[in-house]
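Number of protein chains: 2
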Amino acid sequence: MTAAQGVLSGLRLVEAAAFVAAPLGGMTLAQMGADVIRIDPLEGGLDYRRWPVTEDNTSLFWCGLNKSKRSVALNLATEEGRELAMAIACAPGDDAGMFLTNFPARGWLDHEKLKARRPDLIQLTLQGDRHGGSAVDYTVNPRLGVPLFTGDPASDEPVNHVLPAWDLITGQMVAVGLLAAERHRRRTGEGQHIKLSLQDVGLAVMGHLGFIAEAQLGNPRERHGNELFGAFGRDFVCRDGVRVMVVGLTGKQWRSIAQATQLEVPLQQLGERLGLDLSEEGNRFRARAGIAQLVGEWMARLDFKDVATAFDRHGVCWTRYQSIAQLVNDDPECSPANPLFAKVDQPGVGEVLAPGIPLRFDARMRVPPAAAPKLGEHTEQVLAQLAGIDAAQFGRLHDRGIVR
Amino acid sequence: MTAAQGVLSGLRLVEAAAFVAAPLGGMTLAQMGADVIRIDPLEGGLDYRRWPVTEDNTSLFWCGLNKSKRSVALNLATEEGRELAMAIACAPGDDAGMFLTNFPARGWLDHEKLKARRPDLIQLTLQGDRHGGSAVDYTVNPRLGVPLFTGDPASDEPVNHVLPAWDLITGQMVAVGLLAAERHRRRTGEGQHIKLSLQDVGLAVMGHLGFIAEAQLGNPRERHGNELFGAFGRDFVCRDGVRVMVVGLTGKQWRSIAQATQLEVPLQQLGERLGLDLSEEGNRFRARAGIAQLVGEWMARLDFKDVATAFDRHGVCWTRYQSIAQLVNDDPECSPANPLFAKVDQPGVGEVLAPGIPLRFDARMRVPPAAAPKLGEHTEQVLAQLAGIDAAQFGRLHDRGIVR
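Listed in order, the protein sequences are those of chains B and R.
Each residue of the first sequence is one higher than the one before, starting from 7 at the first, in my numbering.
Each residue of the second sequence is one higher than the one before, starting from 7 at the first, in my numbering.
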């Protein structure tokens, strides 16, 4: 633990959770210096072997989402194991008493039971849907309609996203909810049981972005392939086959494209021909086919390096499409040259490039990225600290299969 | 403002921002009861006409991302307008002095200038990339490699996502950063200037999910279409053409699929033929073609309603693919039957279904969804409250074009 200087130094969260959203919420606090203690069954939880895995079946996924945490492994099938888990979750301290789970709130995870031990406990229970039903990112996304407006407009096949966006947004919202409730507790002394469902996060976002309102008004979003909706932006291929994404969302971005491509006059004429003032973003969307033809012809005459030079000279908002292999092997932003990253020695994996928290607090409060723990690495330490279990007692618990 | 009871009641944030991430960060605090004051130029900011728009050009996007805020409109091209903006951002109060922007930190947005007025100011500046360069969701995504592993594996065309996932994650992280810094300030009295770049958020997530590590180990993620990576899950079409997504990620989910489809024996035989124990999630991915054939044949023999009945009886994790129109018109979860939503009267739009915050705090602390303000709706009120401008002074500022 290098948590001493973090902006959340002193805060403690106990986590019994799996997969993306809840562990990411916990890790977000851990990477700001909070003491986050993960409780798992002796053999590891539901996500302990989640792919991607190494050749010897160590989960890169699990390691990625549990960095900077402490790990306690308990036999949760026994009353004694569950007692120890509750003791850890409800240990005293003004900065402790926060508990995060995405399992059904029953057994030792039941809020009433935990609250009986610590009345000011803050518990956040993450659910699939708000009724407690099963829902994961893979099912929330088709229900929200997103796969049906993703991809080639000539096709009507749904395209699932590969980035678990709903999980990732929810993970951050877990951290938001815990910090907001902790602020409230510091002011009033009150704990509470916060509930959050993945499906509600998705529904809220669909509302916030206007997707729900436009459908209500009779214009549900259609497929636009790789084109940006409501302004100008899309992908183009240079003469040498390199593909780039170009964005003309703001007026400044739009003018920079016209300058870099030296298409001011033809674009002006296009607007006049169509009766559209292209300085208005919506008109750029209406005129997108004509704009794309002009920009595409310019691009097809030039090699990538010349396109890049022209775009950078004029401050165009653009990027090259690259593969993950190119990102990892060739892009200096994805290397220790970017202070977001550090090389850490990950048990079971070896040296990996690990990101910390992207929030850049004052330098004194930056916590460098740390590895994920080994399963049960801190069981003895945490039980001694928070449950008063001495070495002899721990040895007996270990021999009886209660701890690891 | 119905903020009195919210979990963040009393907290104040001033925001000068546009597009998705920063306004979403501010709205997240507003929907928990914080007083969030948005400062815009007299004619509205860069995103004031962002699509989708109504027929009379009111932005559903802007309204969606600025709910529950107060709006102040100032002539920021004048020294006097900028002075008023700084006075609002730096107004006194233990629970005030928080400022959020995604514009370059110069002019009145310069942290040093603001800090000279209020030494304990917390400022969060959102950037495109960490060097201050231009980057938006549309460019971050291709750079991270995601479009090249999205969509049909038979194609090598990139597929851009249509949900601005990086913006949405970043928006929540903005709220996380502000709350973490506010906690630190309450303990130490220290403010700070936090920086956060959209591109770094993307890079961090690519690391957290294991994408970077697997590429480092020589196995960059490939395209798998609509199939879930590392376990079993994909889309199928029922006899009557309805498409469903089915997920067998955990052991329990997997067993429920076998039971609902009555395919226990054929699946057992498939595993034996392939020499794979399908109770291990990774083996379900290895055997996905054979599993899909069996499940697909079962599905093709049944109409949707019979599939749904069988799945629900066995607790399968599944969903129907639906369009946004179906979501909005037919799904009770996307209606006031779900307490996430309320119908609100949105100025310039009419009655819309507006989502609040998905975090369900104790009932006493729930803030109902409220509309976005009219541009400048609270200018006079806020200037009176925070800058000591009385009605006569306001009238003169208005006549001189400094305020709206």
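Note that beta-carbon positions come from the ideal geometry of N, C-alpha and C, so glycine has one too.
Bear in mind the structure is a predicted one, so any value in this text is a computation, not a measurement.
- Of the residues assessed, Gln-352(B) falls on the buried side of the cut-off, its CB having 16 or more other CB atoms within 10 angstroms.
- Per DSSP, the continuous beta strand (DSSP E) segment holding Asp-351(R) begins and ends at 347 to 352.
- For Ala-160(R), the secondary structure class from DSSP, reduced to helix, strand or coil, is coil.
- In this structure Thr-194(R) is exposed. Its beta-carbon is surrounded by fewer than 16 other beta-carbon atoms within 10 angstroms.
- For Leu-150(R) against Leu-365(B), the beta-carbon gap comes to about 19 Å, at or over 8 Å, which does not count as contact.
- Taking C-beta atoms as the reference points, Ala-378(R) and Lys-75(R) count as a pair closer than 8 Å.
- The stretch 239 to 250 of chain R and the stretch 380 to 396 of chain B do not touch, with fewer than three beta-carbon pairs separated by less than 8 Å.
- In the DSSP assignment, Phe-242(R) falls within the unbroken beta strand (DSSP E) covering 238 to 243.
- Short of 7 Å from the beta carbon of Val-180(R), and not among the five residues preceding or following it, lie these beta carbons of its own chain, in chain order: Ala-27, Ala-28, Gly-31, Leu-106, Leu-130, Leu-132 and Leu-202.
- For a Cβ distance threshold of 7 Å, residue set Arg-366 of chain B lies close to Lys-201(R), ordered along the chain.
- If you keep only unbroken alpha helix (DSSP H) runs of at least 4 residues inside the stretch 15 to 55 of chain B, you get 27 to 36.
- Contact between Asp-126(B) and Arg-44(B) fails: their C-beta atoms lie close to 22 Å from each other, not under 8 Å.
- Spanning the alpha carbons of Glu-270(B) and Ala-264(B) requires a straight line of approximately 5 Å.
- When DSSP reads this structure, Ile-128(R) sits in a beta bridge with Met-104(R) and Gln-198(R).
- Annotated three-state conformation of Thr-325(B) is strand, per DSSP.
- Using a Cβ-Cβ cut-off of 9 Å, Tyr-327(R) is close to Pro-148, Arg-149, Gly-151, Pro-153, Leu-154 and Pro-164 of chain B, given in chain order.
- When Cβ pairs closer than 8 Å are counted between the two stretches, the stretch 311 to 319 of chain B is seen not to touch the stretch 140 to 156 of chain R, the count staying below three.
- Close to chain B, meaning a Cβ-Cβ distance shorter than 9 Å, are the following residues of the stretch 58 to 71 of chain R: Pro-58, Val-59, Thr-60, Glu-61, Asn-63, Ser-65, Leu-66, Phe-67, Trp-68, Cys-69, Gly-70 and Leu-71.
- At a cut-off of 8 Å between beta-carbon atoms, Tyr-54(B) makes no contact with chain R.
- Not a single CB atom of chain R sits nearer than 8 Å to the CB of Val-313(B).
- Distances from the CA of Arg-326(R) to each of Asn-72(R), Ile-218(R), Asp-241(R) and Gly-177(R) were compared; the closest alpha carbon is that of Asp-241(R).
- Rounded to whole angstroms, the Cβ separation of Phe-155(R) and Val-168(B) is 6 Å, and the two are in contact under 8 Å.
- For Pro-361(B), the secondary structure class from DSSP, reduced to helix, strand or coil, is strand.
- Under the three-state reduction of DSSP output, Gly-254(B) falls in the strand class.
- Within the same chain, Ala-27, Leu-132, Gln-133, Gly-134, Asp-135, Ala-141, Val-142, Asp-143, Val-146, Trp-172, Asp-173 and Thr-176 come within 8 Å of Leu-204(R) by CB-CB distance, once the 5 residues on both sides are set aside.
- With a contact defined as Cβ atoms closer than 8 Å, Gly-12(B) and Gly-39(B) qualify at about 1 Å.
- By the neighbour-count criterion, in which 16 or more other beta carbons inside 10 Å mark a residue as buried, Pro-342(B) falls on the exposed side.
- Taking C-beta separations shorter than 8 Å and ignoring five residues to either side along the sequence, Glu-278(B) has no partners in its chain.
- Segment contact: the stretch 55 to 71 of chain B against the stretch 82 to 90 of chain B, fewer than three CB-CB distances shorter than 8 Å; contact not assigned.
- Interface criterion not met: the Cβ of Leu-269(R) is under 8 Å from no Cβ in chain B.
- Asp-241(R) reaches chain B at Pro-164, counting residues in chain order whose Cβ is nearer than 7 Å.
- Boundaries of the beta strand (DSSP E) harbouring Ala-79(B): 76 to 80, taken from the DSSP string.
- Ile-297(R) is outside the set of residues whose beta carbon lies under 8 Å from a beta carbon in chain B.
- Under a 10 Å Cβ-count criterion, Glu-21(B) is classified as buried, with 16 or more other Cβ atoms of the shown protein chains found around its own Cβ.
- Of the candidates Ala-102(B), Lys-121(B), Glu-233(B) and Leu-209(B), the residue whose Cα lies closest to the Cα of Asn-166(R) is Glu-233(B).
- For Arg-229(B), no alpha helix (DSSP H) encloses it, and the DSSP letter there is neither H nor E.
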